[in-house]
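Participant: Below you will find the structure I want to go over with you.
In UniProt numbering, the protein residues as written are 1 to 278.
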């Protein structure tokens, strides 16, 4: 079993760090699924008791890593699956936020325990030579017999999906609306209109976004709506550490809302907010 990956682009290193920092704010632990061409992070895969939403990130190896090598434990296995503390991994990668980082290696190895070693080559103002900053993050190697519990989630089949250009505005709105109602209703239509509705015993507050880009239409659907837990919606938006402003909201009527942030073409952050019934 071997895994090694190298990052060298400063922007890509900061984006990678921001993705992990987002997951850190949502859950104590996460699952890493390392494939031959793609890496996934998943948090809150057990939705039965999670107070935060299901979130996962898919990262194509060729986007961030000029060097990427994965060898599974057995020839018939396609992945390495690891359990890791989100907080520990986030702290190890925090060095990438600053300047002067030439490269960062991720390496699966066994010292006294299985770990992902984060090895950053950092230039300091007091020296012309780079120094290595190493953090060994303990991991749990999940055997193939348990992989069925750690499958990358499927993107729901949304009846209608709209592109929202101002993520920051929606984040601020949901943070306020969660104090009005325990649930939020999202309504979208083919006019490119999205309504976010919070209802309490005293009032109903409707916030409307207009002239949005229609990204997906399933069949002859004219509109779609779904109500979700306002705390889970707020938790997702409050955790975001990425600079991206664009967001795609897909509505699978009465089942879920799918939130998608395209960090770049093949680096995508997803969240599913399950429907609630009042």
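Every residue gets a Cβ at the ideal spot worked out from N, C-alpha and C, and that includes glycine.
1. Tell whether a beta-carbon distance below 7 Å holds between residue 195 and residue 223.
2. As a quick exercise: from 101, 40, 186, 14, pick the residue whose alpha carbon is nearest that of residue 268.
3. What do you reckon, are the CB atoms on residue 206 and residue 214 nearer than 7 Å?
4. Which first and last residues belong to the alpha helix (DSSP H) in which residue 70 is found?
5. Are residue 239 and residue 174 closer than 7 Å when you measure CB to CB?
6. Which two residues bound the contiguous beta strand (DSSP E) that contains residue 158?
7. For residue 14, does the count of other Cβ atoms within 10 angstroms reach 16, so buried, or fall short, so exposed?
8. In chain order, which alpha helix (DSSP H) runs of at least 4 residues are fully inside the stretch 170 to 258?
9. Which partner residues of residue 135 appear in the DSSP bridge assignment?
10. Decide yes or no for the touch test of the stretch 18 to 29 against the stretch 51 to 58: beta carbon pairs closer than 8 Å, at least 3 of them.
11. Report the option in 272, 104, 237 whose CA atom is closest to the CA atom of residue 5.
12. What does DSSP give as the partner residue(s) for residue 38 in the beta ladder?
13. Under a Cβ-count criterion, where at least 16 other Cβ atoms within 10 Å of its own Cβ denotes burial, should residue 90 be classed as buried or exposed?
14. State the DSSP-derived secondary structure class of residue 168, mapped to helix, strand or coil.
15. Per DSSP, what kind of secondary structure is residue 90 in: helix, strand or coil?
16. Out of curiosity, what's the CA-to-CA distance linking residue 67 and residue 99?
17. Please tell me whether residue 254 and residue 167 are closer than 7 Å, where the distance is taken between their beta carbons.
18. So what does DSSP say about residue 109, is it helix, strand or coil?
19. Could you please give the first and the last residue of the uninterrupted beta strand (DSSP E) stretch that includes residue 28?
20. Return the first residue and the last residue of the alpha helix (DSSP H) that residue 13 is part of.
21. Look at the alpha carbon of residue 229 and the alpha carbon of residue 209, and state the distance between them as a whole number of angstroms.
22. Please say whether residue 84 and residue 133 have beta carbons closer to each other than 7 Å?
23. Just curious, the beta strand (DSSP E) that residue 7 is in, first and last residue?
Facilitator: This is what the structure gives:
1. Along the chain shown, read from residue 1 onward, the residue named residue 195 stands at position 195. Along the chain shown, read from residue 1 onward, the residue named residue 223 stands at position 223. No, Cβ-Cβ distance for residue 195 and residue 223 is not below 7 Å.
2. The count along the chain shown starts at 1 and reaches residue 268 at position 268. For residue 268, the nearest C-alpha among the options comes from 40.
3. By one-based count along the chain shown, residue 206 stands at place 206. By one-based count along the chain shown, residue 214 stands at place 214. With a cutoff of 7 Å on beta-carbon distance, residue 206 and residue 214 are scored as not near each other.
4. Translated into the one-based positions of the chain shown, residue 70 becomes position 70. Segment 67 to 71 is the beta strand (DSSP E) holding residue 70; no alpha helix (DSSP H) there.
5. Counted from its first residue, the chain shown places residue 239 at position 239. Counted from its first residue, the chain shown places residue 174 at position 174. Contact flag unset, no.
6. What you label residue 158 is simply residue 158 of the chain shown in a count that begins at 1. It is not in any beta strand (DSSP E) - residue 158 carries neither H nor E in the DSSP assignment.
7. Counting from one through the chain shown, the residue named residue 14 turns up at place 14. The residue in question, residue 14, is buried, as its Cβ has 16 or more Cβ neighbours within 10 Å.
8. If we require 4 residues or more, the alpha helix (DSSP H) runs fully inside the stretch 170 to 258 come out as 230 to 239.
9. For this step, residue 135 is matched to residue 135 along the chain shown. Bridge partners of residue 135: 118.
10. Yes: at least three Cβ pairs fall under 8 Å.
11. Numbered from its first residue, the chain shown carries residue 5 at position 5. Residue 104 is the option with its Cα nearest to residue 5.
12. For the purposes of this step, residue 38 is taken as the residue at position 38 of the chain shown. According to DSSP, residue pairing for residue 38 in a beta bridge involves 60.
13. Here residue 90 is taken as the residue at index 90 of the chain shown, counted from 1. So residue 90 ends up on the buried side.
14. Here residue 168 corresponds to residue number 168 of the chain shown, with the count starting at 1. Residue state, collapsed to three classes: helix.
15. Reading the chain shown from its first residue, position 90 is the one you call residue 90. In the three-state scheme derived from DSSP, where H, G and I count as helix and E and B as strand, residue 90 is classed as helix.
16. Against the chain shown, residue 67 aligns to sequence position 67. Against the chain shown, residue 99 aligns to sequence position 99. C-alpha of residue 67 to C-alpha of residue 99: approximately 22 Å in a straight line.
17. As a working note, residue 254 is residue 254 in the chain shown. As a working note, residue 167 is residue 167 in the chain shown. No, these two residues do not count as a Cβ contact at 7 Å.
18. Here residue 109 corresponds to residue number 109 of the chain shown, with the count starting at 1. Three-state result, residue 109: strand.
19. Here residue 28 refers to the residue found at position 28 when the chain shown is read from its first residue. No beta strand (DSSP E) holds residue 28; DSSP gives it neither H nor E.
20. Taking the first residue of the chain shown as 1, we reach residue 13 at position 13. 10 to 24 is the span of the alpha helix (DSSP H), which, as asked, contains residue 13.
21. Taking the chain shown and counting its residues from 1, one reaches residue 229 at position 229. Taking the chain shown and counting its residues from 1, one reaches residue 209 at position 209. If I take the Cα positions, the gap works out to 20 Å.
22. For the purposes of this step, residue 133 is identified with residue 133 of the chain shown, where counting begins at 1. For the purposes of this step, residue 84 is identified with residue 84 of the chain shown, where counting begins at 1. Not in contact: residue 133 and residue 84 (Cβ atoms no closer than 7 Å).
23. As a position in the chain shown, residue 7 is number 7, starting the count at 1. Unbroken beta strand (DSSP E) run through residue 7: 2 to 7.
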